[in-house]
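First the structure, in the form of structure tokens, and then the observations on it.
Protein chains in written order, with the numbering used here: chain A, 8 to 146; chain B, 23 to 241.
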């Protein structure tokens, strides 16, 4: 499977490295070349400097052949715009977009994007643990 | 009219100033508190600190009753999201986005932004109009109808030189609106003859602009 990932932060680098280890064809995009140091040393995929909201950069990353696109930069709006470009211009079947702001995440999920909101997910996990710890104290 | 401007750079600042002077009710949303403080001193209470892409900020700005939301930050992705949130969450009737990368104009309209403004394209157009030897000039785009207004200078070798309007086989969606000849402006009839040296102003569907160019100017 060909996967294009935008944003080589902790999450982007990890997803890219894991997919690469599993034999997938991975291209990762970041505006800062220093970010590629986060990739695992044996990463065999391609890395491209540029922004994923630019169609030319996406083409250079092989988006036209991609089965999936993952937008995980630090900027919600950048992820949202890139995801929409990839969906409407390049018709990539699987587009996943990280959005930190829960309200924006809700808006764009309703508009049909596949979204991941770390804020709600992590909060829920923490709440679960806090509450189960409290339950144990009371029991 | 109630207008919300997002982005307090140079464009946002002068836009707000002009709109206020024209008597509109305006609110400028800017992220940088230092800028907000300066602007608030100059404009009074028409400046709000916050991220215009956040629904809570737009709600506080009264986006639900805004007639127009204009996003003029320096980042295309921010302008897009501001307009989309204004449209989908607050049902703002008219959203306008500044587009920094001219390639994004088409994309933004596909993604639901009502009007796009590209400074780069504006300046390109102005440069084209200012170059005297160009014989075919795109004057204006009427985007929602996909129409353009063009100006062409007819010379001796133009296919239409010395033909009457009736004789010219114009593309389907084109009309010659005016002819400037010397100091006169002629509104053409079927019997009007086009002479070398005439400046022809035409309205055309964008897809037929090239065909019209071949007809009006010589190679």
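Even for Gly, the Cβ is constructed at its ideal location relative to N, Cα and C.
Given the structure is predicted, the values throughout are model-derived calculations rather than measurements.
query                                                                                                                         : result
Limits of the beta strand (DSSP E) - the one that residue 71/B falls within                                                   : 69-71
Member of 68/A, 27/A and 140/A whose CA lies at the smallest distance from the CA of residue 37/A                             : 68/A
contact_flag[the segment 103-112 of chain B, the segment 57-74 of chain A] where n(CB pairs < 8 Å) is 3 or more               : no
Supposed contact pair residue 120/B and residue 101/B - C-beta distance, whole angstroms, cut 8 Å                             : 6 Å
CB contact check: residue 83/A to chain B, cutoff 9 Å                                                                         : yes
Sequence-distant residues of the same chain with beta carbon closer than 6 Å to residue 91/B, five excluded per side          : 26, 108, 114 and 117
Close-in-space but distant-in-sequence residues of the same chain around residue 163/B (CB under 7 Å, 5 per side omitted)     : 170
Nearest-angstrom Cβ-Cβ length linking residue 49/B and residue 83/B, presumed shorter than 8 Å                                : 5 Å
Through-space distance from residue 59/A to residue 123/A, alpha-carbon basis                                                 : 18 Å
The segment 51-67 of chain B / the segment 122-131 of chain B touching (three or more Cβ pairs under 8 Å)                     : no
Minimum Cβ-Cβ distance from residue 71/A to chain B less than 9 Å                                                             : no
Inter-stretch contact at 8 Å, needing at least 3 Cβ pairs: the segment 92-100 of chain A / the segment 19-31 of chain A       : no
Neighbourhood of residue 79/B by C-beta distance below 8 Å, restricted to the same chain and skipping five residues each side : 51, 70, 72 and 73
Rounded separation between residue 111/A and residue 125/A - CA only                                                          : 12 Å
Start-to-end residues for the alpha helix (DSSP H) that takes in residue 110/A                                                : 109-117
Interface positions of the segment 72-89 of chain B facing chain A (Cβ-Cβ less than 8 Å), listed along the chain              : 75, 76, 77 and 78
Closer than 9 Å at the beta carbon, the chain B residues around residue 18/A                                                  : Within chain B, no residue comes near residue 18/A; the closest Cβ sits about 19 Å away, beyond 9 Å.
Residue 9/A - DSSP class collapsed to helix/strand/coil                                                                       : strand
Interface positions of the segment 40-73 of chain B facing chain A (Cβ-Cβ less than 8 Å), listed along the chain              : none
Under 7 Å by beta carbon: chain A residues contacting residue 136/B                                                           : Under the 7 Å cutoff, chain A gives no residues; its nearest Cβ is about 16 Å from residue 136/B.
Counted within 10 angstroms of its Cβ, other Cβ atoms place residue 132/A as buried (16 or more) or exposed                   : exposed
Given residue 237/B as reference, the closest of 228/B, 181/B, 81/B and 187/B once Cα atoms are compared                      : 181/B
Buried/exposed call for residue 234/B, threshold 16 Cβ in 10 Å                                                                : buried
Nonlocal neighbours in the same chain, by C-beta distance under 8 Å from residue 89/B, ignoring five residues either side     : 23, 24, 25, 114, 115 and 116
Option in 117/A, 24/A and 119/A with minimal Cα separation from residue 52/A                                                  : 24/A
From 34/A, 116/A, 134/A and 45/A, residue whose alpha carbon lies closest to that of residue 76/A                             : 34/A
Residues sharing a beta bridge with residue 24/B, DSSP                                                                        : 47/B
Extent of the continuous alpha helix (DSSP H) to which residue 77/B belongs                                                   : 77-82
Cβ-based contacts, 9 Å cut-off: residues of the segment 106-127 of chain B near chain A                                       : 106, 107, 110, 111, 123, 125 and 126
Min CB distance residue 28/B to chain A below 9 Å                                                                             : no
The segment 38-48 of chain B / the segment 137-144 of chain A touching (three or more Cβ pairs under 8 Å)                     : no
Alpha carbon of residue 212/B to alpha carbon of residue 128/B, nearest angstrom                                              : 37 Å
Bridge partner(s) assigned by DSSP for residue 55/A                                                                           : 36/A
Residues that residue 200/B bridges to, as DSSP identifies them                                                               : 223/B
Nearest-angstrom Cα separation, counted from residue 240/B out to residue 30/B                                                : 47 Å
Interface residues of chain B facing residue 118/A [CB-CB closer than 8 Å]                                                    : 106 and 110
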